[in-house]
Amino acid sequence: MITGYITHPDCQLHHMGPEHPESPLRLEAIRARLSLAGVLQQTMQSESRAATSEELARVHPRQHLDALDKCLPEHGIVTLDSDTLMNPDTLCAASVAAGAVIRGVDQVYRGQADNVFCAVRPPGHHAEATDAMGFCFYNNVAVGAAHARHKYGARRVAILDFDVHQCNGTIDIFKGDPDILICTSFQYPFYPWRYLRSEWQNVVNTPLAEGTDGAAFRRAIEDDWLPALHAFKPDLVMLSAGFDAHREDVMADLCLEDEDYHWVTRLAMEIAALYADNRLVSVLEGGYHLESLGRSVEAHVKALLGQPFAH
Ligand SMILES: [Zn+2]
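Below, the structure is given as structure tokens:
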């Protein structure tokens, strides 16, 4: 497998203050762990580019994009909601984060890579069409899915989200769209407190009770996601890869282990192999405990490379 690894130094310019868990340290921890493990060196590394306003406007109305531009401070930090803040470089970082997914889609459709991991921040899956929230500004995975449809004629895109939080933003953007399948596992009841009980036919919700461990997570994914994915037959698989359901992550109370991320990645790859000529693009969402984040991403990227999980 050729696995692309896409990031950009500008992702690190965005910060929301020294106490905020969604910090530049996250990408540093990932890079350090992958380098130390010798995994990064086995990927095809490339740099993202900024998404254009046309590319963003496929999922966010221009009025909303203009309103976000107007919020950008010249100095200091402004608060959009209690946990979503902007510094002068926030939208620069958000643009290259969304642009990474676009580049990842380009790489898998041009045959340059089988699959891709985008190591970017800010994350995107809480960003609704007209609402920045939950540490998210632009919905990176949605921008990538829209690009795949527009540029490559992708007909059925599956978006699998195993972050501990439900992807309200991705659902808001694609709800009711029969050509996008969204499968999302999440602690329930929990943030984002919206869309949790949505009845949209193209959304598979997998709510998990506090304390759910890896074995129960795997059963739930197999029961809920696999039948939907086999019926849908995606020609592109995208992952909203959040690692905050890890046992060591105090953001929430699920109990996944490093190996569970290898397992769920393999499951997604099997679907991509069956229906999508292996095309799979993964983008980082949450994950706030730096050590378990590094190890979990290592397990994820090893799976993408076709390697077994091993410590
Ligand atoms: Zn999360």
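Each residue of the sequence shown is one higher than the one before, counting from 1 in my numbering.
Just so you know, even glycine gets a beta-carbon here, dropped at the ideal spot from N, CA and C.
>> When you compare the CB positions of Y288 and M251, do they come within less than 7 Å of one another, or not?
In response: Their beta carbons are under 7 Å apart, which means Y288 touches M251 by this criterion.
> Among all the DSSP beta bridges, which residues are the ones paired with P207?
Replying inline: According to DSSP, P207 bridges with F186.
> Which word fits A78, buried or exposed, when buried means at least 16 other C-beta atoms lie within 10 angstroms of its C-beta?
Replying inline: The sequence shown places Val at residue 78, not Ala. Exposed.
> When you compare each of R156, G211, G306, H60 to V164 by their alpha carbons, which one comes out closest?
Replying inline: Cα-wise, what sits closest to V164 is G211.
> What did DSSP end up calling A113 once you bin it into helix, strand or coil?
Replying inline: Coil, per DSSP.
> Per the contact definition of three or more C-beta pairs closer than 8 Å, is the stretch 50-70 in contact with the stretch 11-30?
Replying inline: Result no; under three Cβ-Cβ pairs closer than 8 Å.
>> According to DSSP, simplified to helix, strand and coil, what is V141?
In response: In the displayed model, V141 falls within a helix according to three-state DSSP.
>> Please tell me whether, using a cut-off of 6 Å, the distance from the CB of V297 to the nearest non-hydrogen atom of ligand 1 is below it.
In response: The answer is no for V297.
>> Is any non-hydrogen atom of ligand 1 found closer than 6 Å to the C-beta of G286, if you look at the structure I gave you?
In response: It does: the Cβ of G286 is within 6 Å (strictly closer) of some heavy atom of ligand 1.
> In the structure shown, what three-state DSSP assignment does M238 receive?
Replying inline: Three-state result, M238: strand.
> Out of R155, L290, T130, which has the shortest C-alpha to C-alpha gap to L236?
Replying inline: Distances from the CA of L236 to each of R155, L290, T130 were compared; the closest alpha carbon is that of R155.
>> According to DSSP, simplified to helix, strand and coil, what is L80?
In response: For L80, the secondary structure class from DSSP, reduced to helix, strand or coil, is strand.
>> At the level of alpha carbons, what is the spacing between D213 and G124?
In response: A straight line joining the alpha-carbon of D213 with that of G124 spans about 25 Å.
> Does the Cβ of Q201 have 16 or more other Cβ atoms within 10 Å, making it buried, or fewer, making it exposed?
Replying inline: Burial is judged here by how many other beta carbons sit within 10 angstroms of a residue's own beta carbon; Q201 has fewer than 16 and is exposed.
>> Here's a check: name, in chain order, each residue in its chain whose Cβ is nearer than 6 Å to the Cβ of V264, leaving out the five neighbours to either side.
In response: Closer than 6 Å at Cβ, skipping near neighbours: F162.
> With DSSP run on the structure shown, which of helix, strand or coil describes C136?
Replying inline: The answer is strand: DSSP assigns C136 an E or B state.
>> I'd like to confirm something about G306: is its beta-carbon nearer than 6 Å to some heavy atom of ligand 1, or not?
In response: In this structure, ligand 1 has no non-hydrogen atom nearer than 6 Å to the beta-carbon of G306.
> Near A29, what residues of its chain come up, given a Cβ to Cβ distance below 8 Å and the 5 sequence neighbours on each side ignored?
Replying inline: These residues qualify, in order along the chain: L290, E291, L293, G294.
>> If contact is defined by three or more beta carbon pairs under 8 Å, each pair taking one atom from either stretch, is the stretch 297-304 in contact with the stretch 243-263?
In response: By the Cβ rule, the stretch 243-263 counts as touching the stretch 297-304, because three or more pairs are nearer than 8 Å.
>> I need the straight-line Cα distance from A220 to P189, nearest angstrom please.
In response: One Cα belongs to A220, the other to P189, and the distance between them is close to 16 Å.
> Can D163 be considered in contact with ligand 1, in the sense that its beta carbon sits closer than 6 Å to one or more heavy atoms?
Replying inline: Flag set: Cβ of D163 near ligand 1.
>> If distances are taken between C-alpha atoms only, which option among L65, E248, V203 comes closest to S95?
In response: The shortest C-alpha separation from S95 is found at L65.
> Residues in its own chain within less than 8 Å of I171 by CB, not counting five upstream and five downstream?
Replying inline: Only I182, T184, Y195, S198, W200, V203 meet the Cβ criterion.
> What's the call for G17, buried or exposed, on a 16-neighbour Cβ count within 10 Å?
Replying inline: The residue is exposed, with fewer than 16 neighbouring Cβ atoms inside 10 Å.
> What residue from M44, C71, A119 has the CA that sits closest to D10's CA?
Replying inline: Ranking M44, C71, A119 by Cα distance to D10 puts A119 first.
> Any heavy atom of ligand 1 closer than 6 Å to the Cβ of G4?
Replying inline: No; taking the cut-off as 6 Å, the Cβ of G4 has no heavy atom of ligand 1 nearer than that.
> Just to confirm, are A268 and L239 a CB contact at a threshold of 7 Å?
Replying inline: Yes, Cβ-Cβ distance for A268 and L239 is below 7 Å.
> Which residue's Cα is closest to the Cα of A158: K233, A67, L68?
Replying inline: Ranking K233, A67, L68 by Cα distance to A158 puts K233 first.
> Who pairs with Q45 in a beta bridge, going by DSSP?
Replying inline: Answer is Y5, bridged to Q45.
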